[in-house]
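Residue numbers (this note's numbering): 1 to 343.
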């Protein structure tokens, strides 16, 4: 059977889908499986759709689109899972703008109610179901060799990580370095990689390029995908990799698992943490010390005032700088780290 799509979401950016595809009614649910769904009632529902070109539009009632089964564990938005069984006519939730769908496990009521979609079937090609992992870069067990990596982390989502990455990228790009960007954890969303490109980063890759709709699944898969991304980026011969870790240091997205993987950790020359308040900054400092990766700079809302900067530097002994303006302190520290790494 064939089905015609009205729109194609960004999670399928690496999957060669046409506007019309074959599908089958039988479905064996698994992470990354591409299915066809139809949008149900869109009124007063969160129905934002990000297309493969990065445009943010709407999924409206009656739209037929391809979607991807996956997990999400956002504290501020939605949590969802892959259903154990799935048949044509079942209803799922639109868990993320990028085209992630699944069972709902929790929501933040201030964020709104996600749109429901009805399942039409699993997409097939040459008689085989389509999974986004089939079009991914190769996973790696370890990072054998890499240029220096700056790890940009946070205590929670929406704390200013991408803003900081872009400011660093803009400076070093305009000072002659080939800067690459990576987003190693989170849920699929193209807006952050696009911002990195706008800031002068030539090569930007994320876990979606490794075939994962999010990184809150199997930790071994998340690590292998991250190592694959770093290995692939190094093929472009950058001078520096700015690696953003979506979500928080503590959470369901396997940030800690990837960050502490020995073969990746040894290439990290600097860690920057965006924090929302003093308590979270203090907790991040302690947790990072447990990981053997002390915080080199604090940024984010906690230091958007001089009061926060002064308190952290006096009581935590860690440099701090707002990312709402120029960041000479952070740049100076990174320059010294890079010199020590012979970049």
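Backbone N, C-alpha and C define an ideal beta-carbon position, used for all residues, glycine too.
Best match in the options for proximity to residue i [C-alpha to C-alpha]
i, options, result
"residue 261", "216, 5, 220, 18", "220"
"residue 66", "18, 268, 54, 184", "18"
"residue 296", "282, 311, 318", "318"
"residue 94", "21, 2, 129, 45", "45"
"residue 9", "265, 21, 189, 135", "189"
"residue 36", "61, 69, 78", "69"
"residue 58", "294, 43, 104", "43"
"residue 209", "32, 149, 329", "32"
"residue 154", "122, 174, 280, 192", "280"
"residue 156", "99, 293, 252, 126", "252"
"residue 160", "274, 74, 185", "274"
"residue 122", "16, 22, 61", "22"
"residue 338", "264, 187, 172, 29", "172"
"residue 277", "291, 320, 259", "320"
"residue 114", "48, 331, 166, 302", "48"
"residue 81", "146, 217, 309, 111", "217"
"residue 25", "326, 105, 119, 62", "119"
"residue 265", "341, 175, 151", "151"
"residue 27", "293, 124, 314, 202", "124"
"residue 263", "79, 145, 64, 63", "145"
"residue 162", "294, 290, 246, 29", "246"
Short Cβ contact (8 Å threshold) for residue i with residue j
i, j, result
"residue 116", "residue 97", "no"
"residue 183", "residue 206", "yes"
"residue 14", "residue 135", "yes"
"residue 149", "residue 312", "no"
"residue 100", "residue 11", "yes"
"residue 60", "residue 74", "no"
"residue 288", "residue 271", "yes"
"residue 299", "residue 255", "no"
"residue 83", "residue 103", "yes"
"residue 7", "residue 20", "no"
"residue 131", "residue 34", "yes"
"residue 214", "residue 336", "no"
"residue 201", "residue 169", "yes"
"residue 303", "residue 326", "no"
"residue 167", "residue 111", "no"
"residue 165", "residue 196", "yes"
Residues that DSSP places opposite residue i in a beta bridge
i, result
"residue 125", "128"
"residue 34", "68"
"residue 9", "51"
"residue 114", "46"
"residue 253", "Answer is none; residue 253 lacks a bridge partner."
"residue 81", "103"
"residue 214", "187"
"residue 181", "204, 242"
Residue interval of the beta strand (DSSP E) (run including residue i)
i, result
"residue 21", "20-24"
"residue 66", "64-69"
"residue 272", "268-274"
"residue 135", "Per DSSP, residue 135 belongs to no beta strand (DSSP E) and is neither H nor E."
"residue 57", "56-58"
"residue 96", "91-96"
"residue 316", "No beta strand (DSSP E) holds residue 316; DSSP gives it neither H nor E."
"residue 242", "240-245"
Alpha helix (DSSP H) segment containing residue i, residue limits
i, result
"residue 196", "191-198"
"residue 205", "That residue, residue 205, is in no alpha helix (DSSP H); its beta strand (DSSP E) goes 203-206."
"residue 107", "Not the alpha helix (DSSP H): residue 107 falls in the beta strand (DSSP E), residues 100-107."
"residue 172", "161-173"
"residue 327", "That residue, residue 327, is in no alpha helix (DSSP H); it is neither H nor E in DSSP."
"residue 279", "278-291"
Determine contact between the region 49-56 and the region 72-92, defined as no fewer than three beta-carbon pairs at a distance below 8 Å.
These segments do not touch.
At a cut of 8 Å, does the region 137-145 reach the region 220-229 through at least three beta carbon pairs?
Because the criterion of three Cβ pairs below 8 Å is met, the region 137-145 and the region 220-229 touch.
Would you say the region 169-181 touches the region 234-250, given that touching needs at least three Cβ pairs under 8 Å?
Segments in contact, yes.
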